[in-house]
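Engineer: Residue numbers (this note's numbering): 1 to 473. For every residue, glycine included, the Cβ atom is placed at its ideal position computed from N, Cα and C. Source: prediction; values computed, not measured.
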């Protein structure tokens with residue numbers, strides 16, 4: 001399977017050479033140096049594609065080079081690609097690629113091969129606490145994906161109705177298991193698909209959105225289970241979510257999303273909701289109360305060198321995950337409770353990749369929470385019964401840009417191992433950035449972050465940053 005990915009990546013790169021004269025190349029480089037307590041505060045490292053350490057002080061460097069699509073290019077066929085290398089040193093040292101992909105478009109349809117940072121679901125992408133199902137919290141994994149990156153008109157020449165979709169399969173590598181005939185399997189995979197619809201033209205004040213995303217972690221069924229399904233047959237069960245052996249093949253997770261956007265004269269208002277569904281819970285709407293709700297106000301015109309302090313974006317979010325279909329799971333009677341979000345009865349890693357949550361970082365791994373909350377090494381998280389409130393803001397004053405994130409959560413553990421009393425937790429981040437030169441390609445940043453409460457240890461960190469970016473031609 002790995003060889004298949006590499007062959008496709010190399011072949012696509014060779015084919016892309018002939019179109020280089022139409023390219024638009026973008027580069028970025030940066031350095032971050034952080035002084036931190038033993039634990040790095042949540043909002044300093046979360047939703048950064050695992051590019052920053054979560055333990056102790058560190059120095060990190062990043063360099064990227066991308067070829068992006070030219071929107072003014074009338075050609076039906078275009079290509080894109082990119083690579084971003086991350087290296088850090090601290091309590092541990094590592095170097096890896098976040099982005100390493102090649103992609104091509106035929107009209108609105110794109111085929112992408114390799115690993116690539118992504119965002120899934122209807123919601124804010126900058127200030128959010130993170131989409132529930134697939135967030136920018138984990139290191140990208142190698143995958144093949146067919147998609148429409150942008151909304152496509154259902155009626156040619158008229159954008160009143162439009163859609164976007166994705167269909168992909170990726171490789172997560174080996175996995176430890178705690179059920180069945182073996183203790184590990186050599187390869188597991190992540191299947192992913194989504195479909196979103198939009199009602200309203202670009203020129204309309206009101207646009208309505210709706211759709212879903214569906215993901216499933218699977219693999220090794222023929223080794224784990226006696227009489228288990230072979231890979232091809234298991235894949236069919238995964239794609240269609242077909243019941244098998246009093247459950248389903250793989251670890252399924254997704255959200256049903258709805259949103260509305262109002263374009264005002266000065267502000268755009270975006271209201272969204274991501275509702276969780278897991279194995280069997282969609283049919284009877286048993287988890288309909290669990291999900292993420294958000295309201296964002298975004299200034300339509302962001303002026304530079306503003307003499308007075310002003311807000312450009314304000315975001316309010318609310319996360320609730322305490323229902324989980326109830327405290328009873330009875331497959332024969334159709335009671336699909338105790339969904340135990342981000343944990344799984346087969347795969348030790350649960351809903352994670354390389355130790356980082358695939359979904360919202362608010363459901364944290366046991367490795368980052370207090371030692372007294374640890375339950376068992378077979379579970380990813382000890383806390384998925386959560387009520388959380390989140391505020392995000394982006395503002396400017398003269399040449400300074402400000403970013404603020406603050407969240408307060410009430411954490412009740414899991415149905416099997418509740419936390420009593422409830423562990424309250426507050427996490428904060430303030431980042432200030434300013435251009436160093438008039439060309440504005442060099443940006444200096446200072447970040448202050450802290451955690452205080454009973455879920456994490458008392459964490460505090462200061463980080464200084466330098467970033468340079470721009471187009472080559």
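1) Going straight from the alpha carbon of residue 69 to that of residue 31, what length do you get?
2) Give, in chain order, every unbroken run of the beta strand (DSSP E) that is at least 3 residues long and sits entirely within the stretch 227 to 288.
3) Buried or exposed, going by whether 16 or more other CB atoms sit within 10 Å of the CB of residue 182?
4) Using the C-alpha atoms, what's the distance from residue 316 back to residue 388?
5) Expressed to the nearest angstrom, what Euclidean distance is found between the alpha-carbon atoms of residue 373 and residue 130?
6) Whole angstroms is fine: what's the gap from residue 217's alpha carbon to residue 309's?
7) Tell whether a beta-carbon distance below 8 Å holds between residue 61 and residue 87.
8) Please classify residue 367 as buried or exposed, where buried requires at least 16 neighbouring CB atoms within 10 angstroms.
9) How should residue 42 be labelled, buried or exposed, when 16 other C-beta atoms within 10 angstroms of its C-beta is the threshold for buried?
10) Looking at the structure shown, is residue 472 part of a helix, part of a strand, or coil, going by DSSP?
11) Does the stretch 261 to 276 come into contact with the stretch 147 to 160, if we say contact requires no fewer than three beta-carbon pairs (one atom in each stretch) closer than 8 Å?
12) Looking at the structure shown, is residue 363 part of a helix, part of a strand, or coil, going by DSSP?
13) Ends of the alpha helix (DSSP H) at residue 159?
14) Ends of the beta strand (DSSP E) at residue 317?
15) Once DSSP output is grouped into helix, strand and coil, what is the label at residue 43?
16) Taking residue 38 as the reference, give the member of 450, 64, 313 with the closest Cα.
17) Thinking C-alpha only, which one of 413, 377, 273, 398 is nearest residue 177?
18) Rounded to the nearest angstrom, how far is the Cβ of residue 187 from that of residue 173, given a contact under 8 Å?
19) Which one of 470, 441, 433 has the shortest CA to CA distance from residue 500?
20) So, with DSSP's three-state summary, where would you put residue 221?
21) For residue 299, which option in 314, 320, 288 has the closest C-alpha, if you only look at C-alpha atoms?
22) With a threshold of 6 Å on Cβ separation, who are the neighbours of residue 84 within its own chain once the five nearest residues in sequence on each side are excluded?
23) Within a Cβ cutoff of 6 Å, which residues of the same chain sit near residue 122, ignoring the five residues on either side of it in sequence?
24) For the beta strand (DSSP E) that residue 32 lies in, which residues bound it at each end?
25) Pick helix, strand or coil for residue 94, following the three-state DSSP scheme.
26) Alpha carbon to alpha carbon, what distance is there between residue 448 and residue 430?
27) With 16 as the cutoff for other CB atoms within 10 Å, does residue 109 come out buried or exposed?
Structural biologist: This is what the structure gives:
1) 27 Å
2) Listed in chain order, the beta strand (DSSP E) runs fully inside the stretch 227 to 288 are 251 to 263, 267 to 277, counting runs of at least 3 residues.
3) exposed
4) 11 Å
5) For residue 373 and residue 130, the gap between their C-alpha atoms comes out near 23 Å.
6) 46 Å
7) yes
8) exposed
9) buried
10) coil
11) no
12) coil
13) From DSSP, residue 159 is part of no alpha helix (DSSP H) but of the beta strand (DSSP E) over 158 to 176.
14) 306 to 320
15) helix
16) Sorting 450, 64, 313 by C-alpha distance to the C-alpha of residue 38 places 450 at the top.
17) 377
18) 7 Å
19) Residue 500 lies beyond the residue range present for the chain, which begins at 1 and ends at 473; the question has no answer from this structure.
20) helix
21) 314
22) So the qualifying residues of the chain are 64, 98, 99.
23) 209, 257, 259, 272
24) 24 to 36
25) strand
26) 5 Å
27) By the neighbour-count criterion, in which a residue is buried when 16 or more other Cβ atoms sit within 10 angstroms of its Cβ, residue 109 is exposed.
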